[in-house]
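So the protein sequences, as listed, match chains A and B.
With the first sequence counted from 1, adding 540 to any position gets you the working numbering.
With the second sequence counted from 1, adding 540 to any position gets you the working numbering.
2 protein chains.
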Amino acid sequence: MTLQSIDARTGLPFGDTLSSSSAADIDIAVQAAHAAFADWQASEGSSRATLLDALAQALESDREALLALADQETGLGLPRLNGELDRTAFQLRRFGVIARNGVPFAFTDDPAVSGGPPAGHPAMLRVRMPLGPVAMFSASNFPFAFSVLGGDTASALAAGCSVVVKAHPGHPQTSRRVHGLVQQILQALGLPSGLVGMVQGAGHEVGVGLIQHPLIAAGAFTGSTRGGAALQAAARQRRRPIPFYGELGSINPVVATPAALQAGGEALAQALAGSITLGCGQFCTNPGLLVFQRSEASSAFVQLLLQALKAQQPHAMLTQGMRHALDAGTRAQLAAGASALLHEPVDSLNPRPFLAEVDAATFVANEQLHEEVFGPASLIVWTESVAQTVQVLQAVGGSLTVTLWGADQDTPETRALVRGAMAMCGRVLFAGVPTGVAVTAAQQHGGPWPSSTEPMSTSVGDAALDRFLRPVALQDTPAWLVQRQGRPC
Amino acid sequence: MTLQSIDARTGLPFGDTLSSSSAADIDIAVQAAHAAFADWQASEGSSRATLLDALAQALESDREALLALADQETGLGLPRLNGELDRTAFQLRRFGVIARNGVPFAFTDDPAVSGGPPAGHPAMLRVRMPLGPVAMFSASNFPFAFSVLGGDTASALAAGCSVVVKAHPGHPQTSRRVHGLVQQILQALGLPSGLVGMVQGAGHEVGVGLIQHPLIAAGAFTGSTRGGAALQAAARQRRRPIPFYGELGSINPVVATPAALQAGGEALAQALAGSITLGCGQFCTNPGLLVFQRSEASSAFVQLLLQALKAQQPHAMLTQGMRHALDAGTRAQLAAGASALLHEPVDSLNPRPFLAEVDAATFVANEQLHEEVFGPASLIVWTESVAQTVQVLQAVGGSLTVTLWGADQDTPETRALVRGAMAMCGRVLFAGVPTGVAVTAAQQHGGPWPSSTEPMSTSVGDAALDRFLRPVALQDTPAWLVQRQGRPC
């Protein structure tokens, strides 16, 4: 099989035709990553920081060419891609700081307590071991931040793991160019080229072959629920199952009190319309569900939202396949009982915004309506009470985010909403819109199924590092090993 | 179906016949746990500590009757069971201290940084939410410490979760008596009886029904690889998969240099024989594999070990089924190429110690030899070099513990052994024997498959709490909620 770059705005092929990786290619890449891991797991934090800083610098130095290529392959536009490259460099450097500060080597020193058990115990040292070579599956919608040098790669390298990237077929030339930069940096720093390997392929064989390679120790994935579930199943079918960190689909409910909608008015409607259509709706935190309580204020807000959405001009979607999936998704919502408020079918790569509505009882009863529709589309769910709003959140069950507008006062109703939101998502926003995920100490990007395969972990923020470090207790540790203070030897 | 206590020493039934829980019983217990969770998740640490302390006290106050019952059902003997009850009370109180100290409510305060992304970001608060009702599957071999009031229940309650225990059919009356104590304490403290529910059954239907109940939020299991894998599969088949923390089988390699064996001599051989036969070998940390480098010193040590093992008089196994499984396991080892060094088949509930040997190449090539044999049995693997010893560890792949005798000096060989051990287990011991798991801050009881389904977590030690708390980021949190500092509302 071959790979071909497609101009997202024209649907026409451009550039070289690339070959899919063969089973032998995958084996070579993983063997090289395994060999590189042997030394990298024992590297100093400063060495990891040096590499991560150099990678950030390399991205920035090649900015113009990278942006041009990524823009043609994805159609996401230069301003957005410029910001994404900044973010990617930022998180590389941030994980460099984390490594330099010794976070991967933090340990618990638990001195011996004399006497018999249960109170008495031997000296224990709790450290963390890098898992090994990580299979990193790139996303379609973030050609930099969740791709070759994205947060998964940055956090895995900082943790002391090597990486084999599965490039996304939606931006093969951008991936190839970034990987070329990586190889230059590795060579300049005298590090093995296998530390960051790359394979590619449009079919599922390459991904399955990679995650099932016996020397792969973990998987990290950002993409669709279907694709992530398939790779998770493949990871579990291994003779020795491994951790698989998948960020999958999410519908990101926005819950608002009538008072909050009235207070927010035009500006809030504009902000929400902008979030629904940002990047043509191709964000995992895209607000796909608007849970409003029936009231005049809510109805008035929906009119403002409709006007704001009509004025939006979404750009082309990442691929023609996604464009078709969007139409299928909106049709499925309407077939499942939703009524269209804004539905302007167009035969174009650039879709029009879509808005529909449904009552809460129909929503709760119909699982089809809980499915993510990837693109500039959102569904209003009308509820009669706070209790019904909580039922809607329970029916959704798992989401990366919930946005709660109007929770400023401590009331029983507000507490019920906060509790209902926290029970089923990884991040609750009390202001603003869910698109945009800060790379910061407290971030949690992951929630209960289907938003994530491992809801106890995060793929964005400082704690993303923890995914690749396994705790090990050392008992009666010899002096020479105690002196290493948690560093693998 | 019914349940019947069996006297482990005679194989004869005694006491009441108990009924297996029906699907309706399971639903009632889970609904009650769900209702109890609503308030318990928001309880103060001091309330949790009060409950855990009272449960510890209740166990101690009923010690005599509990030990008599458990001894008859399990045959583990009063000294061991007495120590296990002490340990169980200790860990209940320890998790009480952890809750009182506010560990479940620890949070990351991440103030806003002005400016645009990626450096600028809104105010974030990272807290942890209790998961919900936990399904807790008791172990056969620890009627107190991994049963109704064991570490899983203690850590789940401390985390703010409610619990539904699946009692083990090997000690139904002990379980019933402990659960009766729990109910008395809950009533005395004015807490809902559903906070710690219990179901029971000898078949797999009760366990599957429990883990697949839609209101169950996590599973915790200690037992066989087969049983754990089946429940894990059931947890994954749910419409909404949930975390399943299983502690499964482990063969716990003991690796020793010839010099260490020579230095240890008679005393070390006695200690190892005691560990192999402790509790009739029915410990998850039982040393089932001895990896020795061929040498005169090693051969001499094996002779000492043989003498020490011959003198051991293991007590009856927990159940007749386990007794038969032991014979089948040792036969399978011999059929797979191992040679018996100590093999005295007896037609009795009390087995004789078993010791066999095999060369490293045969061991590495034969997966049958990597299987746990539950009971007083161990297999010597003869290696020719440190490199081959590391290959043996890689072939085992996953274990709760590795014991390394002779790693006192920092040499390339020692480093290779330490690295090989840390790569495939949760705890490395540099002295002593692996049986006995300290309940302490640095403990890690869990390792790569098949020893654990979630090797990033531990079922023993302070970090066991983390299994039941899911991170949630709060963005632009209102003042009233900030004031709660990470406590669910």
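Just so it is clear, CB atoms sit at the ideal spot from N, CA and C, and this is done for glycine as well.
Task: Neighbour flag for T590(B) against chain A, beta carbons, 8 Å - done: no
TODO: State the CB to CB distance for the pair I638(A) and D1006(A), rounded to an integer number of angstroms; the pair is presumed to be in contact (CB under 8 Å).
DONE: At roughly 11 Å, the Cβ-Cβ gap does not stay under 8 Å, so I638(A) and D1006(A) are not in contact.
Open item on the list: For H574(B), which residues in the same chain have their Cβ closer than 6 Å to its Cβ, ignoring the five residues on either side in sequence?
Closed with: P673, L755
- [ ] Between the Cα of S702(B) and those of V979(B), L735(B), V722(B), I725(B), spot the shortest distance and give me the residue it belongs to.
- [x] L735(B)
TODO: Check whether the Cβ atoms of E815(B) and P974(B) sit closer than 8 Å, and answer yes or no.
DONE: Per the sequence shown, the amino acid found at residue 815(B) is Ser instead of Glu. Result yes, Cβ atoms of S815(B) and P974(B) sit closer than 8 Å.
Open item on the list: What residue range does the beta strand (DSSP E) around T648(A) cover?
Closed with: 648-650
TODO: Taking Q843(A) as part of the alpha helix (DSSP H), name the residues at either end of that continuous run.
DONE: 836-850
Open item on the list: Please confirm whether M676(A) has its beta-carbon closer than 8 Å to some beta-carbon of chain B.
Closed with: no
TODO: Determine, using beta-carbon pairs with one atom in the region 830-837 of chain B and one in the region 853-868 of chain B, whether at least three such pairs fall under 8 Å.
DONE: no
Task: C965(A) - DSSP class collapsed to helix/strand/coil - done: strand
TODO: Rounded to whole angstroms, what's the CA-CA distance from A687(A) to H708(A)? Just pull it up for me.
DONE: The residue asked about is misnamed: residue 687(A) is Ser in this sequence, not Ala. So the two alpha carbons sit approximately 8 Å from each other.
Open item on the list: G938(B) and P988(B) - do their beta-carbons sit closer together than 8 Å?
Closed with: yes
- [ ] Determine, using beta carbons only, whether H661(A) comes closer than 8 Å to chain B.
- [x] yes
- [ ] Within its chain, find whatever has a CB closer than 7 Å to the CB of A876(B); leave out the 5 residues flanking it on each side and keep chain order.
- [x] N906, Q908, L909
Task: Limits of the beta strand (DSSP E) - the one that P793(B) falls within - done: 793-796
- [ ] Please classify P827(A): does DSSP put it in a helix, a strand, or coil?
- [x] coil
- [ ] Please compile the residues from chain B whose C-beta is within a distance smaller than 8 Å of the C-beta of P1028(A).
- [x] R959, M962
- [ ] Name the two residues that bound the continuous alpha helix (DSSP H) containing Q740(B).
- [x] Not the alpha helix (DSSP H): Q740(B) falls in the beta strand (DSSP E), residues 736-740.
Task: Pick from V667(B), K706(B), R666(B) that is closest to P683(B), judged by C-alpha positions - done: K706(B)
Task: Where R1024(B) sits in the DSSP three-state scheme - done: coil
Task: Interface partners of F970(B) on chain C, CB under 9 Å - done: The structure shown contains no chain C; the protein chains it does contain are A and B.
- [ ] Could you please give the first and the last residue of the uninterrupted alpha helix (DSSP H) stretch that includes V718(B)?
- [x] 712-728
Task: Between the CA atoms of L671(A) and A578(A) - distance to the nearest angstrom - done: 11 Å
Task: C1029(A) vs A610(A) beta-carbon contact at 8 Å - done: no
Open item on the list: I'd like the span of the beta strand (DSSP E) that includes R1049(B), first residue to last.
Closed with: A query on residue 1049(B) cannot be resolved here, the shown segment of chain B reaching from 541 to 1029 and no further.
Open item on the list: Rounded to whole angstroms, what is the Cα-Cα separation between G805(B) and L874(B)?
Closed with: 28 Å
Open item on the list: When you compare the CB of W989(B) with every CB in chain A, is at least one pair closer than 8 Å?
Closed with: yes
- [ ] Could you confirm whether any beta carbon from chain B is found closer than 8 Å to the beta carbon of V979(A)?
- [x] yes
Task: Straight-line gap, A564(B) to H711(B) (C-alpha atoms, nearest Å) - done: 23 Å
Open item on the list: Let me check understanding here. Comparing Cα to Cα, which of A774(B), R603(B), G789(B), Q984(B) lies closest to H753(B)?
Closed with: A774(B)
Task: Cα-Cα separation, L513(A) to V739(A) - done: With chain A covering only 541 through 1029, there is no way to say anything about residue 513(A).
TODO: With 8 Å as the threshold, decide whether the Cβ of T902(A) is near any Cβ in chain B.
DONE: no
Open item on the list: Against T998(B), what residues of chain A qualify as contacts under a CB-to-CB distance less than 7 Å, listed in chain order?
Closed with: P1011
Open item on the list: Quick check on this structure: which residue in G585(B), F645(B), I725(B), N681(B) has the alpha carbon closest to the alpha carbon of D602(B)?
Closed with: I725(B)
Task: Beta-carbon neighbours of T648(A), restricted to chain B and to distances below 8 Å - done: A981, A982
TODO: Give the DSSP-derived three-state secondary structure of H661(A) in the structure shown.
DONE: strand
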